[in-house]
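A.B. asks: Residue numbers (our numbering): 895 to 1336. Pasting a structure below so you can have a look.
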C-alpha cells in the first residue's frame, strides 16, 4: 500500500481518537517513512530537516499572538463587546434574537474575509475578536460549530478566488508551478477557473449556518483568563488608546505588505503599542509570554506538519500515488478528474497547507491533464481545487487551528469534532463536487 495513504490515514485515525494532533502527525510521519522504505534513521533525518521549513511561520504566529494580546490592552476588544451588547441586549436577549445571530455571524465572516485579502493579517484577528464575544454567543446559544464554519470559510474561500493579499500568493504559486510543468496560464484565468468551486463553498457555508448548526447549543459561562499577573482591571478604552490601536493595526499591515514579513509587521505593531503606554515594561514580559502561549499550539503543529510533509516527499510515494491512481483511468476525463481531486484532498489533509500542496501535485497533474485533453481552464480548476481541498478540515491547517484557538479559550470547543469535522463536511465535499463539475464543463 502507498506510504502516503498509510501515513495520512494513520494521522487522521489518531486525530479522530483524540490523540493530540502534534503526536498524531509525528507518529503518522514515522509510519509513512517506515512503510515507504526510508528506514528509521532516514525517516527521523527527513522529519528533522523538514521541521525548519515552518520555523519562520511559527515565529510569526507567536509574535502576532503577542501583538494581539498587547492590542487588547488598548480596550479595543471592550469596544467590540460593548457594541455587540448594544445589538443583542445586556444578556444577549433581543426582540430579534435570530437577526442578532445572523448579523454577528456576518460580521465575523466579513472580518475573516478581510484578513486574507483587504487587510492580510491572516488569523491574528481571532484572539482579539472571538474570546471577548464568547459570553455573548453563549447567551445567544449560538452553536460554536457554526462559528468555526464561518471563520474557516473566511480564511479559505477568499484566497482561493481573489488574487489579492494571500490570494495573490496562492495564485502566483499556482501559475508558476503550472508553468514549470509545461502549461503557461494568464493570472486572470485563475479566478475564472476557481469561481465555480468557491460557489460550492458558499453553498456549504449556507448549509452549515442555516441547516446543520442553526439550532441552539448551550455552553457554560466560564470566566476567561484575567490579568492576574498584573493585578489590573479589565482594560477600558479612550479616544487616545483606540487611536493608537488603529495606528498599530495599520502599521502592522503596512510593514507586513512592504517587507513581506509577518514578523516585522507584528514587531512594528508591538512597538507602537508599547510607545503608546498601553502597557508598562513590567507588563510586557507577561504580554509576550501569554501572547506567544496563545499561538504556540498553532506554531508547533505547523512545524510538525512541515516535518511530516518532508518525510512524505522523501518516500517518493506522492508522485507514485498520483501516477498509479491516474493511470487506472487514463482516457476517461470524468473519472480521471475525480481521482486527481481525491488525491489532492488526501495530500492536503496530511500536509495541512494548500500552498505547499501545489508544487507536489502540479508536476504530475499538468502533463496528465494535457495528455487526457483537458483545456487550460479545466487544468487550472483541477490543480487549484485539488490543492485547496483539505485545507478546511485538516487537523494540521491554520484554517482550522486558528478558529479552535479562539473558540476553545474556555475549554468547551474540541478541535477535531467541533472544527475539523464540520468544516470538512461543509467545504471539502462541495469543493470536490463543484471542482469536478468545473473540470468537466470548462
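The beta carbon of each residue, even a glycine, is placed where N, CA and C say it ideally should be.
#1: Could you have a look at residue 934 and say whether DSSP puts it in helix, strand or coil?
#2: Ends of the alpha helix (DSSP H) at residue 1300?
#3: Short check: CB of residue 926 to CB of residue 898, under 9 Å?
#4: For residue 896, collect the residues of the same chain with a Cβ closer than 6 Å to its Cβ; drop the 5 residues on either side in sequence, then sort them by chain order.
#5: Quick one: is residue 1231 buried, meaning 16 or more other Cβ sit within 10 Å of its Cβ, or exposed?
#6: Excluding the five sequence neighbours on either side, which residues of its own chain have a C-beta within less than 8 Å of the C-beta of residue 1309, listed in chain order?
#7: So is residue 1320 buried or exposed if we call it buried at 16+ other beta carbons inside 10 Å?
#8: Quick check on this structure: which residue in 905, 1229, 1033, 1059 has the alpha carbon closest to the alpha carbon of residue 1110?
#9: Excluding sequence positions up to five away, which residues of its chain have a Cβ less than 7 Å from the Cβ of residue 1052?
#10: Starting from the Cα of residue 1234, find the closest Cα among 953, 1314, 1202, 1272 and give me that residue.
#11: Thinking C-beta only, is residue 1291 closer than 9 Å to residue 1262?
#12: Expressed to the nearest angstrom, what Euclidean distance is found between the alpha-carbon atoms of residue 1004 and residue 1258?
#13: For the stretch 931 to 943 and the stretch 954 to 962, state whether three or more C-beta atom pairs, one from each stretch, are separated by less than 8 Å.
#14: Does DSSP put residue 967 in a helix, in a strand, or in coil?
#15: Taking 9 Å as the cut-off, decide whether the C-beta atoms of residue 1170 and residue 1145 are in contact.
#16: If you compare alpha carbons, which of 912, 1131, 1020 is closest to residue 977?
#17: Suppose contacts are defined by Cβ-Cβ distances below 9 Å. Is residue 870 in contact with residue 1283 by that definition?
#18: Taking the CB atoms as reference points, tell me whether residue 1240 and residue 902 lie closer together than 9 Å.
#19: Considering only their Cβ atoms, is the gap separating residue 1017 from residue 965 smaller than 9 Å?
#20: Report, in whole angstroms, the separation of the C-beta atoms of residue 1097 and residue 1316, which I expect to be a contact under 8 Å.
#21: Hey, would you say residue 1332 sits closer than 9 Å to residue 1025, going by beta carbons?
#22: According to DSSP, is residue 1057 part of a helix, a strand, or is it coil?
#23: Taking the alpha carbon of residue 1246 as the point to measure from, which residue in 1285, 1276, 1135 has its own alpha carbon closest?
#24: In this structure, how does DSSP classify residue 876 when only helix, strand and coil are distinguished?
#25: Give the secondary structure of residue 1114 by DSSP, where H, G and I count as helix, E and B as strand, and everything else as coil.
C.D. replies: To lay it out plainly:
#1: helix
#2: 1292 to 1301
#3: yes
#4: 1211, 1215
#5: buried
#6: 915, 1289, 1294, 1295, 1298, 1302
#7: buried
#8: 1033
#9: 1007, 1010, 1011, 1061
#10: 1272
#11: no
#12: 36 Å
#13: no
#14: coil
#15: no
#16: 1131
#17: The structure shown does not extend to residue 870, since the chain is modelled only from 895 through 1336, so no value can be given for it.
#18: yes
#19: no
#20: Actually they are not in contact, since the Cβ atoms of residue 1097 and residue 1316 sit about 15 Å apart, beyond 8 Å.
#21: no
#22: coil
#23: 1285
#24: Residue 876 lies beyond the residue range present for the chain, which begins at 895 and ends at 1336; the question has no answer from this structure.
#25: coil
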